[in-house]
Structures are given as structure tokens and as C-alpha cells.
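Numbering (the working numbering), first residue to last: 425 to 611.
Glycine included, each C-beta is placed from N, C-alpha and C at the ideal position.
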Amino acid sequence: KRLLVLALLGAFMGGASSLAAQEAEFTYEGARACKRCHSKAEEGDQFGKWEQGPHAKTFATLASDEAKAAAAEAGLGDPQTEAQCLQCHATAFAVLDDIENQKITLEEGVGCESCHGPGSEYKSRSVKQAIAAGEIEAASVGLITPTAETCTGCHKAEGNAFFQGFDFDEYWAKIAHPRPEAEAGEE
């Protein structure tokens, strides 16, 4: 059942189909796991940038009066429990049927693993160092490099009452969180 849901989610979200395929192999760790290595200012504080940015708040926005009104108009119930809303507002949607046994939570909204892939196999420092050294192919451990296609799986007009246009380059610049030694656009 879980793989069927993931396959359907991948088909619906377009760019996320490769992520759905990876989910069968890798598991989600949640944004807090990323914080261990990605919160130091001298290394770019990627976690802090995510936490202060719009993606960390996507699940919370579903509790707003505006979201509730839009859901009601669409014939839906509580946006924080509706699959149509959660598929883009919570990374944890991919494991919703088993959420009580997961490390990831709905409350973290669109976490690191929505863009970078489930982190179970690349979360350790030694694996990340091996990737950086070219000893391990990032994709082999579930780490993906986000592209415009990754984003437009959710940032699209079809089925989104709140769509206000999406220019990948403009929005990518707003959420960029490279390591200081990395070139803009990496990680």
C-alpha cells in the first residue's frame, strides 16, 4: 500500500517521481537530523536559513483561516489532514500512513528531505565527506541535487488555489543556503 501511495504521489507531483522511487530504498530522518551538521554559522547555517524561511512554516500555514476557507471552498475538510494539501505542505506526507513510527513530523513542513531526498543513508559525516571527495556517488545514498523540476512538483498552478506564479531563479535565490566554500546554488 505504501509503495502504491508513493507511486501515485510521484505521478501526481511530476518532478517528485524520482524522490518517490528513492523512498522505497531510503528513509526520512527529519530536519532535526540535518541540524546536527548544518547549523554552524561558519559553515553556512543551512538549518537556520531553512527554519527562518517559508518552507519550515508550510504545515502551520494550513491552520490559517485563509487555508481553511480555501479548503472548504474546494469541498475539503481540515487542510492539516487533507492529502491534497499535505502532499506539498509536509515532507512527512510520504510516510503519513506510518507517521507514529517516523523521525520526521508533519509540523516541520517542507523539510530538507523534500529537496535533498530521504537522508537515512547520507546523514553521517563520513558519508558526506566521501561524497565531497568523489568516493561515493550522491544519488547512490539518496542525496539528490534539487532542480527546477524538484520545485515545480508543488510550485505549479494546477490544483493550487494559492499559486502566485513561480520563477525558479528568483525563488531559488531567496532560499539558497550554500556552504561558504561552495558555489551559489549548491546545497
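Using a 10 Å radius around the Cβ and a threshold of 16 neighbouring Cβ atoms, would you call residue i buried or exposed?
i	result
Pro503	buried
Gln553	exposed
Gln470	buried
Ile528	buried
Thr616	Absent from the structure is residue 616, since the part of the chain shown begins at 425 and ends at 611.
Glu561	exposed
Phe586	exposed
Glu532	buried
Ala395	With the chain running from 425 to 611 in the structure shown, residue 395 is simply not present.
Ala480	buried
Gly535	buried
Thr376	Here the chain covers residues 425 to 611 and nothing more, so residue 376 does not appear.
Put residue i into one of helix, strand or coil per three-state DSSP.
i	result
Gly472	helix
His462	coil
Lys481	helix
His601	coil
Ser548	coil
Ile523	helix
Gln621	For the chain, the structure presents residues 425 to 611; residue 621 sits outside this window and is missing.
Ala496	helix
Gln613	As shown, the chain starts at 425 and ends at 611. That puts residue 613 outside it, with no answer to give.
Closer than 6 Å by C-beta to residue i: which residues in its own chain qualify, once you throw out the five before and the five after it? Chain order, please.
i	result
Glu537	Tyr452, Thr515 and Gly543
Glu449	none
So, for residue i: in the same chain, excluding its five sequence neighbours on each side, which residues have a beta-carbon less than 8 Å away from its beta-carbon?
i	result
Ser399	Because residue 399 is not part of the residues shown, which for the chain are 425 to 611, the question remains open.
Gly566	Gln446, Glu449, Phe450, Gly541, Pro542, Gly543, Ser544, Glu545 and Tyr546
Gly583	Gln508
Asp593	none
Cβ contact check for the stretch 468-481 and the stretch 588-608: 3 or more pairs under 8 Å:
yes
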